[in-house]
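Input: a single structure, listed below in structure tokens.
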Ligand code: HEA
Ligand code: HEA
Ligand code: CUA
Ligand SMILES: [Cu+2]
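Protein chains in written order, with the working numbering: chain A, 382 to 485; chain B, 10 to 622; chain C, 2 to 196; chain D, 57 to 335.
What follows is the structure, encoded as structure tokens:
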């Protein structure tokens, strides 16, 4: 339990996060399905869509981890269980896309 | 067993026998709970050990079939040949299809069912709780599940021999598209998924145990190197294995549904038809066979360190104990293990120099692989530093540990050849690689495992093994091992490919037949030398001398436990006062100073007596 | 006898064994899904049109509904833990019940999605996009089911006479459940939305 | 009975490509470095074992290590290995970076098929016709585009190939079923043949003769027998051989044109893939 947090405080922050998650879900749908970039932007438009979608997803994920999974309140060492796998995932993807290119 | 053993530390007279407590455990639990579905870490360790030794025989038998075929192609396998069904052998001689199955199963069994379960199953289970001074694992039930997944997986994979088309035959690396069809390959994938899960559950448990259950006063830097190595290895298991699991799952989807994840467009089957694949013309989408290789090696390179790091830990402990000297550079050793583990995750591509990957990626992997040799060198030099000015006792465990150093250096150095991309272009997929594999896996891991088995045998079974037989086993194995595997470097340089059923189809390989026969003779001798181990193991169980509590006069906590510890492990409270390698310390008149001895008691002679009884 | 010894002392890190174990397991799970996402990225980049076309055939409104489903269940799961921690049994039952229902709802919607795909002749073998789609969502669904079992068990237990008080276990389960939600947070845009 | 040399370096098959010498030299360099390290470690090990063996009155010392020494033996291998890595990268570039492949004199396509090697020569026009996986059938392994006239006269051979010596030869390598690996021991070249992609290999042989071509990647039960022969010839010999092949092909084409029914069925182009990935 977070230092100095009462049950009511916790409940409030849960609901706030819940609200934010809903809003972000809406945002990501709107951005992907109802925002269209000009035809002339070509591939850039896909890149923009992907970037926006991923940024929103990361933000949502962070909120879940931070509040629902108590990373904000818990022992800070628990964060390594998030950072290390994420780092390895980045290594894998970086090697295969940036260094590897089309031939892998 | 004398009762003086206990409670001397606390200064009051011992009141009960170490065994009383042990016996107590007997009648409160049923046979099934005690021997089959036991949650006691020592029992699970023994289960891992037995299953691995059994699989060692199976894998070894496969190896001998392989060797026979290579040396005497087309000639019936002696003794066994006539019992095998005609689908596998023709008039007793190994058929090509059977050969590839043998190679695959040999390596699969050895890696997934011998070395990994032995290192991270048997040793981790036995050593971690005892060496950190606690009663059991953090999650005993999960520990039990982790063991029982192994035989289930083993049966799954082995059942491949009885299905149509035979068992997996695409090498232990199981590259698609070759592995993307056939029941045997599906069973292989399922089996690997299961052992992988076992490995993850085990790793979880070891991490939680080491982090959470250390005895009073034990800091991380008071851990013996075995525990450190197992700790880091668990990190590799937890983070690496799931990637193998996802690669296996995707391969399974390709095998069952032909989704075309690893199967490119419009492939032909041997009969000339189109390979059923979601990627075929009309459905679109080309799979990437090389993607599988990346995912596979992202696990399997760290996996080779899963197989060697615990062993390096064991060797460190054995060496220090029998050289009666502290580990040279304890912290450097720990950091080297960490560095190996970290770098182990960024070098996987060195198995794929020839997969057609981008040359830039090749350069990256080449450099990172070469860098990984540095922490390994640190370890080698520190071991040498450890025995330097020591007082070396040549017990069987120590002989095996010294043998480990000698052979591992050779295996590691051949790794450096292959790490260099342009050289690998020539020696990739030749017997040079096979030589490397066996120098690091047999010469490295297995010798270390032997060292560990002998070293902890007294604590595991409460009996001493037979020292003469042990030395005999080591000497024979060491000699036959080198004579068997060293010549493989030479034919490898000669261009002798791996995984070929009959090398003499090629003109340029014909001259190598005598060498192959030489290798085979020593392989057979080596195989039979292992019978000594089995015999010693079983004989000593029954007739061995009862072991004292601390037969090696070692410092780590497992030797504080009763000679044959029961459920709960210790018969006294454990508090740690110092590091694990206080040999020849000036604080004490004896040449060792265990971790659990209170500073005030160091000079009490009865403590020593208690250890010796 | 071992109880007389203080070997089984408090966890050194101050984090309970089960919770620590769960976090380690989750790290492992991240790597498991990382494998899938890596495969997805690579194959998407080399087969862009197949993937875009595949994604356009998916029913994103249903998936959006499922997203809501999981977010609600995450909230109620967090609330359930809080309630049990403070000994509020009936609220625990309410929140846990909603969580369970959401999970059921998730699976029902998933079932509808899958069966309509099959009805349209789309299977995991259709092409690499659908191979990945079914594998990723399939494994996610297995995780949902894996979470529902203990949820259901705890809920049922709390209705018995002895009740269910072990909030620390629910907390561990909660970690897992939030992770399942978290995976979906990525699956949803990656599979259904962004092309 | 077993008279063989324990010197690894005597086992190389004769190297006859332009870079085989450089590669062998690199190997030999690494070999001697390794031998030196190996001996260093083994001799130290044996000396220590002997010198510090237990005997009455002998005692070990109390010593936990020395950071200076630790530093030295971390730095030494780092420098040595990093140097080795950077040094060998040059060779890697020569063999692999396409920017370093010399201008090709001869280009051929090679595909592996369990358990044979097939090669496609450009034919009389000297140009390889277009190809695409979507055209691939058991009769048209290379997926030669039937609509491309340049592909008509291409010559497909199995098992035995002739190539000119002292020429930069670029092989476009692929596979029609599973992974294979194109291994020419005498040329010190090896490259996996990956279905679904075309990978370039280059070499330049300097000595005429027949050389064995092997498959070095497990491709099924017949993997061991996936043998080919590469016949390296002088320019003149090669020209003669090539002309003969071209003439034969021309005759076949003429016969086909005269009598379309008897001709081998031209595989109908399958429906063009809407989203096919092209290589
Ligand atoms: C326990 C298992 C294990 C271990 C520890 C290693 C260790 C290493 N391996 Fe090995 N490897 C395998 C198991 C292992 N390997 C297996 C099973 C395969 C084959 C897989 C298959 O295809 O089937 C393989 C294949 C393999 C390849 C692919 C070859 C190919 O297929 O073409 C490569 C390439 O780089 C490689 C490199 C290395 C390196 C650089 C190390 C290094 O970690 C070694 C480091 C050690 C040393 C370098 C020696 C000690 C150092 C010194 C004595 C100091 C030197 C001193 C000075 C310089 C002063 N290995
Ligand atoms: C830990 C790992 C390990 C171990 C211990 C071994 C042990 C042995 N291996 Fe193995 N091997 C591998 C891992 C291992 N191998 C791997 C990973 C590959 C690559 C596979 C691939 O290409 O996919 C490989 C491949 C491989 C090949 C290459 C096959 C090929 O490419 O065509 C060969 C050939 O000689 C070989 C031989 C041997 C031999 C003779 C032993 C001996 O040391 C075995 C000795 C032990 C015993 C024999 C057991 C004891 C037996 C008894 C006590 C009773 C006697 C039994 C009978 C008479 C039936 N191995
Ligand atoms: Cu083709 Cu091996
Ligand atoms: Cu490796």
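Every residue, glycine too, gets a C-beta built ideally from N, C-alpha and C.
Sequence-distant Cβ neighbours of residue 204/D in its own chain, meaning closer than 8 Å and more than five residues away, are 185, 186.
Residue pairing from DSSP places residue 238/D in a beta bridge opposite 247/D, 271/D.
For residue 427/A, the secondary structure class from DSSP, reduced to helix, strand or coil, is helix.
Around the CB of residue 406/A, 16 or more other CB atoms lie within 10 Å, so the residue is classed as buried. Between the alpha carbons of residue 118/D and residue 17/C lies a gap of roughly 39 Å. For residue 288/D, there is no enclosing alpha helix (DSSP H); the enclosing beta strand (DSSP E) covers residues 284-289. Within the region 109-128 of chain C, those residues whose Cβ lies closer than 7 Å to any Cβ of chain B are, in chain order, 124, 125, 126, 127, 128. Think of a sphere of 7 Å around the beta carbon of residue 603/B: no beta carbon from chain C falls inside it, the nearest being about 17 Å out. Close partners of residue 28/C in chain B (Cβ separation under 8 Å): 247, 248.
A contact between stretches requires three or more CB pairs, one per stretch, nearer than 8 Å, and the region 392-407 of chain B fails this requirement with the region 41-49 of chain B.
Nearest C-alpha to residue 67/B among 50/B, 121/B, 240/B, 213/B: 121/B.
DSSP lists 167/D, 214/D as the bridge partner or partners of residue 174/D. For ligand 4, no non-hydrogen atom lies closer than 7 Å to the CB of residue 252/B. Per the coordinates, the alpha-carbon of residue 238/B lies some 5 Å from the alpha-carbon of residue 322/B. In the structure shown, residue 261/D falls within a strand segment according to DSSP collapsed to helix, strand and coil.
For residue 227/D, the secondary structure class from DSSP, reduced to helix, strand or coil, is strand. Residues of chain C whose Cβ lies closer than 7 Å to the Cβ of residue 399/A are, in chain order, 72, 76. In this structure, 245/B is the residue among 366/B, 438/B, 58/B, 245/B with its C-alpha nearest to the C-alpha of residue 318/B. Residue 264/B is not a Cβ neighbour of residue 172/B, given a cutoff of 8 Å. Under the three-state reduction of DSSP output, residue 168/B falls in the helix class. Two segments are said to touch when three or more pairs of C-beta atoms, one from each, lie closer than 8 Å; by this definition the region 95-114 of chain C does not touch the region 225-244 of chain B. With a threshold of 7 Å, the Cβ atom of residue 366/B does not count as near ligand 3, since no heavy atom of the ligand is closer than that. Residue selection by CB proximity (closer than 5 Å to any heavy atom of ligand 3) returns 236/D, 271/D, 275/D, 279/D, 282/D in chain order.
Taken through DSSP and simplified to helix, strand or coil, residue 145/D comes out as helix. Listed along chain B, the residues sitting closer than 8 Å to residue 466/A by beta-carbon distance are 248.
For residue 220/D, the pairing in a beta bridge is given by DSSP as 289/D. Between residue 194/C and residue 61/C, the CB-CB gap stays under 8 Å.
Taking each of 168/B, 491/B, 314/B in turn and checking the Cα distance to residue 346/B, the smallest one comes out for 314/B. Chain-ordered, the chain C residues with CB closer than 7 Å to the CB of residue 266/B read 124, 125, 126, 132.
Listed by position along chain A, the residues whose Cβ is nearer than 7 Å to that of residue 355/B are 472. Around the beta-carbon of residue 92/B, fewer than 16 other beta-carbon atoms lie within 10 Å, marking it exposed. Taken through DSSP and simplified to helix, strand or coil, residue 585/B comes out as coil.
Annotation: residue 612/B to residue 336/B spans about 23 Å, alpha carbon to alpha carbon. Chain C places a beta carbon closer than 8 Å to that of residue 297/B, counting this residue as a contact.
Across the region 92-120 of chain B, CB contacts with chain D closer than 7 Å involve 105, 106, 109, in sequence order along the chain. When Cβ pairs closer than 8 Å are counted between the two stretches, the region 109-116 of chain B is seen to touch the region 176-184 of chain B, the count reaching three or more.
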